[in-house]
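These notes concern the structure reproduced below.
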Amino acid sequence: MSAPEVKYTQIFINNEWKNSVSGKTFPTINPSTGEKTCAVQEGDKADIDLAVKAAREAMKLGSPWRKMDASQRGRLMYRLAELVDRDAEYLARLETVDNGMVIRTSRTSMKRGADLLRYFAGWADKVHGKTIPIDGDYFCYTRREPIGVVGAIVPWNFPIPLLFKKLGPTLCCGNATVIKPAEQTPLTAIYIGALCKEAGFPPGVVNIVPGYGPTAGAAISEHMDVDIVTFTGSVEVAKIIQQAAGRSNLKHVAIESGGKSPNIVFADADMAYAVEVSHNAINTHSGQVCLAGSRTFVQEDIYDEFVKRSVERAKKRVVGDPYDEKTESGPQIDQEGYDKVMEMIESGKQQGAKLECGGNRMAGKNGYFIEPAVFSNVQDDMRIAREEIFGPVQQIIKFKTIEEVIERANRTSFGLAASVLTKDIDKAITIANSVQAGIVWVNIYGVVPTQAPFGGFKMSGLGREGGEDVLNEFCEVKTVIVKIPGHQGISKL
Numbered sequence: 388m389s390a391p392e393v394k395y396t397q398i399f400i401n402n403e404w405k406n407s408v409s410g411k412t413f414p415t416i417n418p419s420t421g422e423k424t425c426a427v428q429e430g431d432k433a434d435i436d437l438a439v440k441a442a443r444e445a446m447k448l449g450s451p452w453r454k455m456d457a458s459q460r461g462r463l464m465y466r467l468a469e470l471v472d473r474d475a476e477y478l479a480r481l482e483t484v485d486n487g488m489v490i491r492t493s494r495t496s497m498k499r500g501a502d503l504l505r506y507f508a509g510w511a512d513k514v515h516g517k518t519i520p521i522d523g524d525y526f527c528y529t530r531r532e533p534i535g536v537v538g539a540i541v542p543w544n545f546p547i548p549l550l551f552k553k554l555g556p557t558l559c560c561g562n563a564t565v566i567k568p569a570e571q572t573p574l575t576a577i578y579i580g581a582l583c584k585e586a587g588f589p590p591g592v593v594n595i596v597p598g599y600g601p602t603a604g605a606a607i608s609e610h611m612d613v614d615i616v617t618f619t620g621s622v623e624v625a626k627i628i629q630q631a632a633g634r635s636n637l638k639h640v641a642i643e644s645g646g647k648s649p650n651i652v653f654a655d656a657d658m659a660y661a662v663e664v665s666h667n668a669i670n671t672h673s674g675q676v677c678l679a680g681s682r683t684f685v686q687e688d689i690y691d692e693f694v695k696r697s698v699e700r701a702k703k704r705v706v707g708d709p710y711d712e713k714t715e716s717g718p719q720i721d722q723e724g725y726d727k728v729m730e731m732i733e734s735g736k737q738q739g740a741k742l743e744c745g746g747n748r749m750a751g752k753n754g755y756f757i758e759p760a761v762f763s764n765v766q767d768d769m770r771i772a773r774e775e776i777f778g779p780v781q782q783i784i785k786f787k788t789i790e791e792v793i794e795r796a797n798r799t800s801f802g803l804a805a806s807v808l809t810k811d812i813d814k815a816i817t818i819a820n821s822v823q824a825g826i827v828w829v830n831i832y833g834v835v836p837t838q839a840p841f842g843g844f845k846m847s848g849l850g851r852e853g854g855e856d857v858l859n860e861f862c863e864v865k866t867v868i869v870k871i872p873g874h875q876g877i878s879k880l
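Here the working numbering runs 387 ahead of the position in the sequence shown, where the first position is 1.
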């Protein structure tokens, strides 16, 4: 299987393809080879200004988008989902060359993206207000109105699903958007611009500006005409975005910013199953997953056997060509990501954890491939147990009691996800109710349904994505009070 032809590399504004105002381009690199795939137009502040202007025009009262029936918005979204399905194989192959994601995962990502669109399309004509029986002879109702122009800053690890997690509720609620895809993986997002136009969205509703975070991303965060920034990425960048929102127009901010998620294995768990679940919890997509089970807590009774089996499983994992159907893991995203993982592995060794296997560059590979690593004898104060690694590095940590593991699991600034593997329902529910995390799995890991809210406690984020809850992020609630004719009321002020 070969890499597909790249069809679009320009900026998409007002349903038109444009070169950057500056004339600059930037390379997108194939992480499997380290070689340049193509040059992409590099948007910056000038291009973001044009995109925001187009989005603001689309949001004007009386515009085709504002006058469109909610049910018709939903139909356009359904049409877009159909187009994603139609081109899913092309998009999956394009994602794999741009991201290094194994082809099976790329295909699943396209299906998930289309499913997200359909889910939010169904909500389009169900976003409504309430009537409220206030005191006095008044009729009171609320309206849920579009928040306005949405700035969406999309990460590189799962470009299509995370794009549609933002675009779905944005369009459902009647907003317009300016999307900045990650500079590492802009190609599938740019292609979606062509599908949006084909689906029939009016000009200015969806605008896509590839570029770098410190320029294009910063321009979105600081823009006085952007009403909300929705961002998925690192804590460090999330803080910069919040600061920019405060310095500019106090725009709303919705954030998902990673985690250091505990995966808790009790001695009564099915050993073989727990080893496999825990292995995949950290190694899926080469560990480049925000909700990865990156702290594997194992009860002391089974600790040594669990480590032994985890090492055996890690050594069997197939790492290599992401286009090969048998491959389980591809490369890290780029040289910077590779270097960070390798630096964290070295830190683990230096701080006294035992590297049981892996942790080396894959022999004979030109891209950014790392052998899956397993550490034992990990202590809570080690960097590998505290910091997000974003790589195939399993840290196996010993614990004794349920009370102890709850306290240690919560001893982190993150709170995105958690899991527990046990046959004891009392233990399972106690963990689920006690661990500070936005989502908790019992006897499974990594299931994130389209219909359920997803987001984090503490520094793992603000707000929720997915499910009905996310609609609150993209609407403003307006209260309207009408004096009932014939009543001689006075002001309530």
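We put the CB at the ideal spot given by N, CA and C, even for glycine. In this text the structure is predicted, and so the values were computed from the model without any measurement.
Are the segment 749–756 and the segment 805–824 touching by the rule of at least three beta carbon pairs closer than 8 Å? no
Please list, in chain order, all residues of the same chain as Pro-840 whose beta carbon is under 6 Å from its beta carbon, the five residues on each side excluded. Arg-851, Gly-853, Gly-854, Asp-856
Work out the CA separation of Val-536 and Glu-444 for me, nearest whole Å. 10 Å
List, from N- to C-terminal side, the beta strand (DSSP E) runs of 3 residues or more that fit wholly inside the segment 753–835. 760–763, 780–786, 804–808, 826–829
Taking the CB atoms as reference points, tell me whether Thr-483 and Pro-709 lie closer together than 7 Å. yes
Cβ-based burial, Gly-646 [other Cβ within 10 Å; buried from 16]: buried
The segment 445–461 contacting the segment 539–550, beta-carbon criterion three pairs below 8 Å: no
So Glu-730 and Cys-677 are supposed to be a Cβ contact under 8 Å. How far apart are they, rounded? Not quite, the Cβ-Cβ distance comes to about 20 Å (not below 8 Å), so this is no contact.
When you compare the CB positions of Phe-651 and Phe-693, do they come within less than 7 Å of one another, or not? Strictly speaking, residue 651 in this sequence is Ile, with Phe absent from that position. No.
If you compare alpha carbons, which of Val-822, Ile-831, Tyr-832, Phe-801 is closest to Leu-843? Sequence check: residue 843 is Gly here, not Leu. For the residues Val-822, Ile-831, Tyr-832, Phe-801, the minimum Cα distance to Gly-843 belongs to Phe-801.
Is there a C-beta anywhere in chain C that falls below 7 Å from the one on Phe-841? The chain inventory of the structure shown lacks chain C, comprising one protein chain alone.
Inspect the beta-carbon positions of Leu-808 and Ala-656 and report whether they are closer than 7 Å. yes
If you scan the segment 528–592 from start to end, which runs of the beta strand (DSSP E) of 3 or more residues do you find wholly inside it? 536–540, 563–567
Going by the DSSP bridge assignment, what does Ser-716 pair with across the sheet? Val-706
Alpha carbon to alpha carbon, how far is Ser-681 from Gln-782? Give it in angstroms, no decimals. 7 Å
Distance CB(Val-761)-CB(Ala-772) smaller than 7 Å: no
CB contact flag (Asn-406, Pro-590, <7 Å): no
Could you check the C-alpha separation between Asp-711 and Glu-758 for me, to the nearest Å? 17 Å
Jot down the residue ranges of each uninterrupted beta strand (DSSP E) in the segment 409–471, minimum 3 residues, whole runs only, in chain order. 412–417, 422–428
Looking at the strands, I want to know which residues DSSP matches up with Phe-841. Glu-852
Secondary structure at Asn-486, three-state DSSP: helix, strand or coil? helix
In whole angstroms, what is the alpha-carbon distance linking Ala-641 and Glu-791? 33 Å
For the segment 526–535 against the segment 574–585, do three or more pairs of beta-carbon atoms, one drawn from each stretch, fall closer than 8 Å, so that the two count as touching? no
Just tell me which of Gln-823, Ile-435, Ile-521 has its CA closest to the CA of Trp-869. For clarity, residue 869 is Val in the given sequence; the question names Trp instead. Nearest option by C-alpha distance: Ile-521.
Could you say which of Ile-398, Gly-523, Val-622, Tyr-525 lies nearest to Ala-441 if we only look at CA atoms? Ile-398
To the nearest whole angstrom, what separates the beta carbons of Ile-831 and Gly-674, a pair I think is in contact under 8 Å? Wrong, their Cβ atoms sit about 19 Å apart, outside the cutoff.
In the DSSP assignment, the beta strand (DSSP E) including His-639 goes from what residue to what residue? 639–643
Residues sharing a beta bridge with Asn-594, DSSP: Val-565
Straight-line Cα distance separating Tyr-465 from Arg-499: 14 Å
Between which two residues does the beta strand (DSSP E) holding Val-664 run? Per DSSP, Val-664 belongs to no beta strand (DSSP E); it is in the alpha helix (DSSP H), 658–670.
Reduced DSSP secondary structure (H/G/I, E/B, other) of Glu-863: strand
With DSSP collapsed to three states, give me the class of Thr-518. strand
Buried or exposed for Arg-634, going by 16 or more other Cβ atoms inside 10 Å? exposed
Tell me the DSSP bridge mates of Pro-872? Per DSSP, none; premise fails for Pro-872.
Whose C-beta lies closer than 6 Å to the C-beta of Val-664 among residues of the same chain, with five residues either side of it excluded? Tyr-832
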